[in-house]
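Numbering (the numbering used here), first residue to last: 12 to 342.
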Amino acid sequence: MAAAGGRQVTVDGHPLALTNLDKVLYPATGTTKGEVIAYYAAIGAVLVPHLWQRPITRKRWPDGVGEDGDPPGVFFAKNLPKGTPDWVRRYTIEHSEGSNDYPIANDIATLVWLAQLAALELHVPQWRFTDDGTSLPPDRLVLDLDPGEGVSLAACAEVAGWVREVLDGAGLPSHPVTSGSKGIHLYARLDGSITTEDATNLARELAEALQAAHPDRVTAVMRRADRAGRVFLDWSQNNGNKTTIAPYSLRGRTRPWVAAPRTWEELADPDLRQLEFDEVLSRIADSGDLLAALASPEAVAALGDVRPSLADLSGEPGAPGPAAGPVATSP
């Protein structure tokens, strides 16, 4: 039996106790933990193909995001905690300070379990594991466009258009994602023929070329002092040891914004803004995954064409709920 304020659910055949569903994690909007869990259940069939076989670093907000988005008690988690269910897939990565077992979210049940831990943000590398735990070459390139002080999201989008032109010229069609924080991520699919070092060098060369062409608007230098009035093209997230917020992940900002795939037509809108989780669910229901070109075909086949629906997982009328089918609940 789940504790007061909780519910016992079965997801993909796995029993889970969900607790503190009425706890507010986003005070500015009153968004509860139950709504966060329900979002991840609903978006799972679209999100999992982008997480498939990637080790997940979690950023957890057990007491919510607070009023300013940076409360005490927030932490990054790499190693799996004690008590992790046996059915959660995991792979071990050796670091200089020791080894960590990372969760792999190849199913909606794992997403729901992570959300139960208040892991609002899911960060993943640009490479995947094979079934036997071997790391593959990167299957995507990413550029993180981070606007400096005084730079609007629309101005950041203009720089994204310049990046797009360069990538198109290299035969790498790009896909924009508003990051759910301040900036924009651009992804391009790779065929697995280059190493993470090669991908990092490619991204760095691109960033430095744009810095040379637009020195008053773009910087490829990581020093924060160089970013004011410019867009920082962060090329470093292609390093095999680094991660990027996963597409469709929530962000731990003051509002429940999401790293949301967008169209290039949207990026041309001077009123471009970040999107909240309910808006993203509606977009998926209407248009599907705008980032489908980068999704794992194996994952898409395994999950099927499940679209999000609205159901009450949190006990509050109207709360976003799980996709029809994989979640059963009991009082």
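Backbone N, C-alpha and C fix where the C-beta goes; we use that ideal spot for every residue, glycine too.
- A224 counts as exposed, since fewer than 16 other C-beta atoms from the protein chains shown sit within 10 angstroms of its C-beta.
- The way I'd put it, the segment 209-217 does touch the segment 242-256; three or more beta-carbon pairs between them come closer than 8 angstroms.
- Below 8 angstroms, too few C-beta pairs join the segment 23-31 and the segment 248-268 to call them touching: fewer than three.
- By the Cβ criterion, the segment 63-79 is in contact with the segment 121-132, since at least three pairs of Cβ atoms, one from each stretch, lie closer than 8 angstroms.
- T43 and P187 have their C-alpha atoms spaced approximately 29 angstroms apart.
- Sorting L164, D118, P148, L122 by C-alpha distance to the C-alpha of D282 places L164 at the top.
- Between the beta-carbon of G144 and that of Y102 there is about 5 angstroms, and that keeps the pair under the 8 angstroms contact cut.
- One thing to note: R100 has its Cβ no nearer than 7 angstroms to the Cβ of N111.
- When DSSP states are grouped into helix, strand and coil, Y113 belongs to the strand group.
- Boundaries of the alpha helix (DSSP H) harbouring E216: 207-224, taken from the DSSP string.
- Proximity to V153 across G17, P26, Q222, A210 peaks at A210, based on C-alpha coordinates.
- For E169, the enclosing alpha helix (DSSP H) starts and ends at 164-180.
- Here A129 carries a coil assignment [DSSP, helix/strand/coil].
- As DSSP reads the structure, V153 sits in a beta bridge with Y198.
- Taking C-alpha positions only, L314 is separated from A56 by approximately 6 angstroms.
- In this structure A168 is not in contact with L91, their Cβ atoms being roughly 38 angstroms apart against a cut-off of 8 angstroms.
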